[in-house]
Ligand code: NZQ
Ligand code: ZN
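In the working numbering, the protein residues as written are 4 to 383.
Following this line, the structure appears as structure tokens:
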């Protein structure tokens, strides 16, 4: 068992109509609210109106920043920060998925400090404060609602990077599974892949505490059992609730108890695909994970077999990898670069991008030679 520190201050409000206490909750943090959201789904499906009703009936003054794109970019963080500082915002309400919430976490640092968010994300500056952030989640996937991480792209520097800072923990997160009923099939599938990938990144990290391994495997098993049923019945709120809770538990610290770290190599490899091809996050992971397992199969066979036994009752590495790949395929998430229309001629660009950004895992380091092998697997 490794030494570890556990800390999670997020107050999670989970279930039907939890939104009814949003206004009163936000009011505890001030009167001037910056409401952030994405490209419009929240307006199309009525979630925006529910949130605005809550904020306005509590007498809060609301300013809005919208248009945050999937695989969010630092330009939106900068523009929203400007708006927030001009209007002396007290608190952010982030309505959306990982892209909106992650951007809002960095915006919260920048509004409070007046500094550029990218300088924090690249560790050039160390923030001392953030304004409070409250989230209303509309998609089950990233776990951002109950963690202190944010992932943002910068096309000028050619990077998509993750940044973790306790100042970015949401104060409250409101999770009503009914807010996810309209997530389309493919994006629902990417969310299921993402939550499974989070648990696997933890599993392949440093340290193998028995009970945490079991918890982690159970989270994946739950998603493997219920995920395909949800994809056949997208408007079933009970199934939405199950996957929503799985996603939160997969990345709220629980799977790291007794461990030194997760691995996160697969995520880093996937982020470069999103940067180069705007691949949805979950889709990048269903391509990279099977390739990564193939690379590791002779290096950590016992660990891969432990996962395979726990998840599928199989007893060898090859069957485990096959089952993982089959499951992603069954969800309809891509497992090969050709499925996202990336031509084989782009292989060198991808390998160069991996080498340029020295993409690696925290526990299982990756060399340039590994990058080449991984990309070969991703195209095969
Ligand atoms: O932009 P709108 O119109 O809102 O549409 C969104 C977007 O197109 C749509 N959507 C969201 N809720 C919906 C909905 N459509 C219909 N009904 C709803 N209820 O879904 C699309 C994807 O949204 P996005 O926020 O990008 O999805 P997700 O939650 O998967 O977030 C992905 C981002 O989070 C990062 C990823 O790298 C990626 O940038 N991650 C953040 C992590 C964290 N903070 O801990 C960890 C993850 O590993 C991940 O890296
Ligand atoms: Zn992820």
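A virtual CB, placed ideally from N, CA and C, is assigned to each residue, including glycine.
Everything numeric in this text was worked out from a predicted model, so none of it was measured.
C-beta neighbour in chain B for residue i, strict 7 Å
| i | result |
| --- | --- |
| residue 375 | Absence of chain B from the displayed structure is noted, only one protein chain being present. |
CB of residue i within 7 Å of CB of residue j, strictly
| i | j | result |
| --- | --- | --- |
| residue 354 | residue 375 | yes |
| residue 25 | residue 177 | yes |
| residue 264 | residue 365 | yes |
| residue 147 | residue 101 | yes |
| residue 195 | residue 230 | yes |
| residue 306 | residue 234 | no |
| residue 268 | residue 158 | no |
| residue 143 | residue 223 | no |
| residue 79 | residue 106 | yes |
| residue 130 | residue 174 | no |
| residue 201 | residue 254 | yes |
| residue 331 | residue 287 | no |
| residue 149 | residue 257 | no |
Own chain, CB closer than 6 Å to residue i, minus 5 neighbours either side, in chain order
| i | result |
| --- | --- |
| residue 220 | 313 |
| residue 380 | 294 and 297 |
| residue 37 | 66, 87, 92 and 95 |
| residue 41 | 71, 99 and 103 |
| residue 154 | 105 and 165 |
| residue 186 | 142 |
| residue 339 | none |
According to DSSP, residues forming a beta bridge with residue i
| i | result |
| --- | --- |
| residue 39 | 68 and 97 |
| residue 17 | 178 |
| residue 140 | 99 |
| residue 264 | 209 |
| residue 45 | Note: residue 45 sits in no beta bridge, so no partner. |
| residue 76 | 156 |
Own chain, CB closer than 7 Å to residue i, minus 5 neighbours either side, in chain order
| i | result |
| --- | --- |
| residue 128 | 118 and 122 |
| residue 218 | 257 and 258 |
Proximal residues to residue i (C-beta, below 8 Å), its chain only, five neighbours per side dropped
| i | result |
| --- | --- |
| residue 270 | 165, 200, 204 and 288 |
| residue 137 | 25, 28, 29, 32, 94, 95, 96, 97, 173, 174, 175, 176 and 177 |
Q. What are the complete alpha helix (DSSP H) segments, minimum 4 residues, inside the segment 142-210?
A. 188-206
Q. In chain order, what residues place their C-beta within less than 6 Å of a heavy atom belonging to ligand 2?
A. 145, 197, 200, 201, 270 and 284
Q: Could you pull out every unbroken alpha helix (DSSP H) segment of at least 4 residues lying fully inside the segment 273-329, listed in chain order?
A: 284-299 and 304-315
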